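All the letters of the sequence shown, read from the start, carry residue numbers 1 to 551 under the UniProt record's numbering.
Where a beta carbon is used, it is the ideal one built from N, C-alpha and C, also for glycine.
Bear in mind the structure is a predicted one, so any value in this text is a computation, not a measurement.
Okay, structure first, notes after.
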Amino acid sequence: MHIVDLRSSPRGRRVVFARTQLPFVLGLVYVAVVVAIVDLPTLVETISIAGFSVGIVATVLARLVPWERFPPAWLLAVAVLDIVAVAFVRAEVVEVLPGVTLLAIFPMAWAAYSFDWVGVALAILGSVFIVAFRFFYEGAPPQSAAEWANTVTLPLGIVAFAVTAFLAARRLKRREGQLAQATRAQLRALSEAQDAEALVTGILDTVEAGVAFFDADGRLGVANAAARTMATAAGFRLDEPPYAGENVLAADRLTRIPPEEQFIPRALQGEIFRGHLAWLGPPDAQMAVLASSNQLRRRDGSVQGTVVVAHDVTDLADAIEVREQFLRTVSHELRTPLTSVTGFLALIDDAVGHEDPKLRQYIDVVNRRADDLLDRITDLVSATACDRDLRFADVDIGEIVDAAARRIAKLADARSTPVHVAHAARVQVRADRDRLEEAVAEILTNAVKFGEPESPVSVSCRAHDDRVRLTVSNGGVGLSHAEQRRVFDRFYRTAHARSRAVQGYGLGLTRVRAIVNAHEGRVHIESDPGERTTVTLELPAVRPEARRVTA
Numbered sequence: 001m002h003i004v005d006l007r008s009s010p011r012g013r014r015v016v017f018a019r020t021q022l023p024f025v026l027g028l029v030y031v032a033v034v035v036a037i038v039d040l041p042t043l044v045e046t047i048s049i050a051g052f053s054v055g056i057v058a059t060v061l062a063r064l065v066p067w068e069r070f071p072p073a074w075l076l077a078v079a080v081l082d083i084v085a086v087a088f089v090r091a092e093v094v095e096v097l098p099g100v101t102l103l104a105i106f107p108m109a110w111a112a113y114s115f116d117w118v119g120v121a122l123a124i125l126g127s128v129f130i131v132a133f134r135f136f137y138e139g140a141p142p143q144s145a146a147e148w149a150n151t152v153t154l155p156l157g158i159v160a161f162a163v164t165a166f167l168a169a170r171r172l173k174r175r176e177g178q179l180a181q182a183t184r185a186q187l188r189a190l191s192e193a194q195d196a197e198a199l200v201t202g203i204l205d206t207v208e209a210g211v212a213f214f215d216a217d218g219r220l221g222v223a224n225a226a227a228r229t230m231a232t233a234a235g236f237r238l239d240e241p242p243y244a245g246e247n248v249l250a251a252d253r254l255t256r257i258p259p260e261e262q263f264i265p266r267a268l269q270g271e272i273f274r275g276h277l278a279w280l281g282p283p284d285a286q287m288a289v290l291a292s293s294n295q296l297r298r299r300d301g302s303v304q305g306t307v308v309v310a311h312d313v314t315d316l317a318d319a320i321e322v323r324e325q326f327l328r329t330v331s332h333e334l335r336t337p338l339t340s341v342t343g344f345l346a347l348i349d350d351a352v353g354h355e356d357p358k359l360r361q362y363i364d365v366v367n368r369r370a371d372d373l374l375d376r377i378t379d380l381v382s383a384t385a386c387d388r389d390l391r392f393a394d395v396d397i398g399e400i401v402d403a404a405a406r407r408i409a410k411l412a413d414a415r416s417t418p419v420h421v422a423h424a425a426r427v428q429v430r431a432d433r434d435r436l437e438e439a440v441a442e443i444l445t446n447a448v449k450f451g452e453p454e455s456p457v458s459v460s461c462r463a464h465d466d467r468v469r470l471t472v473s474n475g476g477v478g479l480s481h482a483e484q485r486r487v488f489d490r491f492y493r494t495a496h497a498r499s500r501a502v503q504g505y506g507l508g509l510t511r512v513r514a515i516v517n518a519h520e521g522r523v524h525i526e527s528d529p530g531e532r533t534t535v536t537l538e539l540p541a542v543r544p545e546a547r548r549v550t551a
C-alpha cells in the first residue's frame, strides 16, 4: 500500500498527514526542544528560525490543503519544503546536534516510497542541497578528507535509505499487482460459481421432479423445492439425518417402509435403483413418488456424491387405480347378466326341437356370440387378476410348451398354420404351471393370429447357464419400432390388428409380461417389419443341486 493514498474526503487527508508530515514535525519539535536546552542562542538565529518556520508552514499546508482535489504529485511540494527546512535548521544546529540531518529521512523516504523514480531523484537532489547549503551559508567548504567524510556520510545514508524504501515500494507494488490479479481471478471464479449455482437452482426449481444431491459424506449439497416438499410430507428434513420419516408407505399404501429401506438411506448406502415406488404423507394427503438414485464419480473413480430423483406420480397412480376399479366393476357387471343369458339360452336350446332348423340356427349363432362375449369378459377379469398369488413348483418347461401348443391347436388348424416345437429334455423352472402355460399359450396365439396363413410358427426352448430361453417366431407383417415399444402396454392394439378387425382388447401380452415378471423373468420382442417377429421369454432355471435338495 502506498503511503500517499489520497481519498476524496477530510478523513483521507488526515490519513495522508499522519503518514507523511506528522513524524517529521514531531522530529522537528524534538530538535527545537533539545537545542533550546543545550544552546538557546543557536535556536534564535535567523536561519534557524527560518528553518523551523518553513517546517511549520509545510505542516500547516499538509494538514489544511485539500490535496485530494489535486494530482498526487503536488504533495511533493510538502516534501520539498521539509527538505528546505532541514537544510536551514542544519546550517546552525548541526554543531550543537549533529543528528539533525536525520530529519531528512522522513520526507525523502515517503517521497521515494510513493513516487518511484521522481521520489528517488528528489532524495538525491535534496541530500545535495542540504550539504551544499551549509557550505554556502558558512562560505567555506570542508578542508580535510575527514571533514568531507563527516559532511557527506549522513546524507548518503539517508539517500541509501530512500533508495531502499523505493525498492521496497517497487517490490510491494509487484506483489500488490499479483495479489490484485489473484483477487480478481477469485472474484471472477466466485461470480461464475454463484452464477452456476443460481442456474442449477433455477433449473432444479423449474423441474417438477424432486432432486437432491448429497456429498460423499452424506451431507445435503443442493435440493430443489419439490424435494423439500416431498421430504416434509414424509416427515423428515433433507439436511438432517436419518433422511427417513414415518409417513412412508409401500405400494399397497398400508405397509410402512422401515427407515433403513426408504429410498434416501438406500441411496446413501451406495445402492443404485430405478422406479422405487412409495407413498408419502399422512393417510388423508398421500402422494405417490417414483424414486431413482445414482452415484456421481470423479474422473479418478472416487465417489463425489449421490443424486436422488423422485417424480410425483400421484395423478398417474390414481388414474391406474380408477382404471382397475372400472375394469373390476365392468367385468362383474357384465359377467353377472351374461351368466343369466347363457343359462336361459341353454334352457331354450333344450326346449327347441330339431323340427325347426331355422330357429336352431339362430340359437346356435346367439350361443357362439355369447361364448365370444364371455371370452372377452374373461380377458377383462384376467387383466385385473394378474397379481394374484402364484403356486410355485419345479416344472418341466417342455411339458408346458407342449400343453400350450395343444391349447391353440384348433386355432392353428383353422388358419392352416403348422406349429413346430423343439425343446431340450428335462429343462426345469420354478414356476406356477397354470399361469406360465397361460403366458406361453398367449404368445403362441398371437403368433398364429398375426402371422401369415400357412406360415409356420417355430418354438424352441433351450437352457443357457442359469437361464431358460423360450423363443417363438412367425412370419408376417411384423411390428414397427414404435409398435415394439408399446406392444406390452395394456389395451394397445396395432394398426394391423385394428384394420383386420382381429378380436381382442390388447391385454394378452400385458398379461404375459405380468406373469413373466412375477416369475422373476423377462420378455422382449424383436421384429423385422414385413418379415419375421420373435418373442423371447427368459426364466431362471432350476439348478441341479436345488433339484436334488427338493427331491
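**Asked** Does the separation of the CB atoms of isoleucine 525 and arginine 435 fall below 7 Å?
**Response** Not in contact: isoleucine 525 and arginine 435 (Cβ atoms no closer than 7 Å).
**Enclosing beta strand (DSSP E) for isoleucine 525 [first to last residue]** = For isoleucine 525, the uninterrupted beta strand (DSSP E) run begins and ends at 522-527, by DSSP.
**Asked** Mind checking isoleucine 408: buried by the 16 CB within 10 Å criterion, or exposed?
**Response** Buried, by the Cβ-count rule.
**Asked** In whole angstroms, what separates the C-alpha of alanine 541 from that of aspartate 466?
**Response** Roughly 5 Å separates the two Cα atoms.
**Item:** Boundaries (first-last residue) of the beta strand (DSSP E) holding proline 265
**Value:** Element bounds for proline 265: not the beta strand (DSSP E) but the alpha helix (DSSP H), 263-268.
**Prompt:** With distances taken between CB atoms, is the gap from leucine 199 to alanine 223 smaller than 7 Å?
**Reply:** No, the Cβ-Cβ distance between leucine 199 and alanine 223 is not below 7 Å.
**Prompt:** Thinking C-alpha only, which one of Pro283, Asp350, Glu271 is nearest arginine 256?
**Reply:** Just measuring C-alpha positions, the residue of Pro283, Asp350, Glu271 sitting nearest arginine 256 is Pro283.
**Prompt:** Which runs of the beta strand (DSSP E) fall wholly inside the stretch 418-448 and span at least 3 residues, in chain order?
**Reply:** Counting only runs of 3 or more, we get 419-423, 428-431.
**Asked** Is it true that the CB of alanine 447 sits closer than 7 Å to the CB of valine 457?
**Response** In this structure, alanine 447 lies closer than 7 Å to valine 457 by Cβ.
**Asked** Since glycine 530 contacts glycine 451 with CB under 8 Å, what's their CB separation in whole angstroms?
**Response** Contact between glycine 530 and glycine 451 does not hold, since the beta-carbon distance rounds to 12 Å and is not under 8 Å.
**Selected residue, minimal CA-CA separation from glycine 475, among Val307, Val207, Thr533** = Taking the Cα of glycine 475 as reference, the smallest distance to any Cα among Val307, Val207, Thr533 is reached at Thr533.
**Item:** glycine 218, enclosing beta strand (DSSP E) - first and last residue
**Value:** Note, glycine 218: premise wrong, no beta strand (DSSP E); not H, not E.
**Prompt:** Which one or two residues does DSSP pair with leucine 277 in a beta bridge?
**Reply:** Note: leucine 277 sits in a beta bridge opposite Leu290.
**Asked** When you compare each of Ile49, Val472, Arg485 to leucine 537 by their alpha carbons, which one comes out closest?
**Response** Nearest of Ile49, Val472, Arg485 to leucine 537, Cα basis: Val472.
**Message:** So, under 8 Å CB-CB, glutamine 286 and tryptophan 279 are touching, yes? Tell me the CB distance rounded to an integer number of Å.
**Reply:** Contact between glutamine 286 and tryptophan 279 holds, with the beta-carbon distance rounding to 5 Å and staying under 8 Å.
**Asked** DSSP on arginine 469, reduced to helix/strand/coil?
**Response** DSSP places arginine 469 in strand when its eight states are reduced to three.
**Prompt:** Buried or exposed: leucine 103, going by 16 or more other Cβ atoms within 10 Å of its Cβ?
**Reply:** Result: buried.
**Item:** Neighbourhood of aspartate 349 by C-beta, 6 Å cutoff - its chain only, sequence neighbours within 5 removed
**Value:** The beta carbon of aspartate 349 sits closer than 6 Å to the beta carbons of Ile363 from its chain, once the five residues preceding and following it are set aside; these are given in chain order.
**Prompt:** Cα separation between valine 25 and threonine 183?
**Reply:** Rounded to the nearest angstrom, the two C-alpha atoms are 38 Å apart.
**Asked** So, are the CB atoms of residue 579 and valine 54 less than 7 Å apart?
**Response** Since the first and last residues shown for the chain are 1 and 551, residue 579 lies out of range.
**Sufficient close CB pairs (3 or more, under 8 Å) joining the stretch 198-216 to the stretch 307-315** = The answer is yes - the stretch 307-315 touches the stretch 198-216, with three or more Cβ pairs under 8 Å.
**Asked** Roughly how many angstroms separate the alpha carbons of arginine 170 and alanine 185, rounded to a whole number?
**Response** C-alpha separation (whole angstroms): 22 Å.
**Message:** For the stretch 403-420 against the stretch 367-381, do three or more pairs of beta-carbon atoms, one drawn from each stretch, fall closer than 8 Å, so that the two count as touching?
**Reply:** Touching, no, given that fewer than three Cβ pairs across the two stretches are closer than 8 Å.
**Prompt:** For the alpha helix (DSSP H) that contains alanine 405, what are its first and last residues?
**Reply:** From DSSP, the alpha helix (DSSP H) with alanine 405 extends over 397-407.
**Request:** Taking aspartate 528 as the reference, give the member of Ser480, Ala36, Val395 with the closest Cα.
**Result:** Ranking the options by Cα distance to aspartate 528, first place goes to Ser480.
**Request:** Provide the residue span of the beta strand (DSSP E) that contains glycine 305, from first to last.
**Result:** Where glycine 305 is concerned, the enclosing beta strand (DSSP E) stretches over 303-312.
**Prompt:** Distance, Cα to Cα, aspartate 489 vs glutamate 321?
**Reply:** Rounded to the nearest angstrom, the gap between the Cα atoms of aspartate 489 and glutamate 321 is 16 Å.
**Asked** Across which residues does DSSP place serine 114 in a beta bridge pair?
**Response** The bridge partners DSSP lists for serine 114 come to none.
**Prompt:** Within this structure, are the beta carbons of phenylalanine 135 and alanine 87 separated by less than 7 Å?
**Reply:** In this structure, phenylalanine 135 sits away from alanine 87, with a CB-CB distance that is not shorter than 7 Å.
**Residue interval of the beta strand (DSSP E) (run including proline 41)** = Per DSSP, proline 41 lies in no beta strand (DSSP E); the unbroken alpha helix (DSSP H) holding it starts and ends at 40-43.
**Request:** For arginine 426, collect the residues of the same chain with a Cβ closer than 8 Å to its Cβ; drop the 5 residues on either side in sequence, then sort them by chain order.
**Result:** Sequence-distant Cβ neighbours of arginine 426 in its own chain, meaning closer than 8 Å and more than five residues away, are Asp396, Gly398.
**Prompt:** Excluding five sequence neighbours on each side, which residues of the same chain lie with their C-beta closer than 7 Å to the C-beta of residue 583?
**Reply:** Nothing about residue 583 can be read from this structure; the chain reaches only from 1 to 551.
**Item:** Check whether valine 366 and valine 421 have beta carbons under 7 Å apart
**Value:** Result no, Cβ atoms of valine 366 and valine 421 do not sit closer than 7 Å.
**Asked** So is phenylalanine 70 buried or exposed if we call it buried at 16+ other beta carbons inside 10 Å?
**Response** Under this definition phenylalanine 70 is an exposed residue.
**Request:** Tell me whether the beta-carbon of aspartate 39 lies closer than 7 Å to the beta-carbon of valine 96.
**Result:** Yes; because the gap between Cβ atoms is below 7 Å, this pair is in contact.
**Asked** Starting from valine 483 and walking both ways along the alpha helix (DSSP H), at which residues does that stretch end?
**Response** At residue 483 the sequence reads glutamate, which differs from the valine that was named. Unbroken alpha helix (DSSP H) run through glutamate 483: 481-486.
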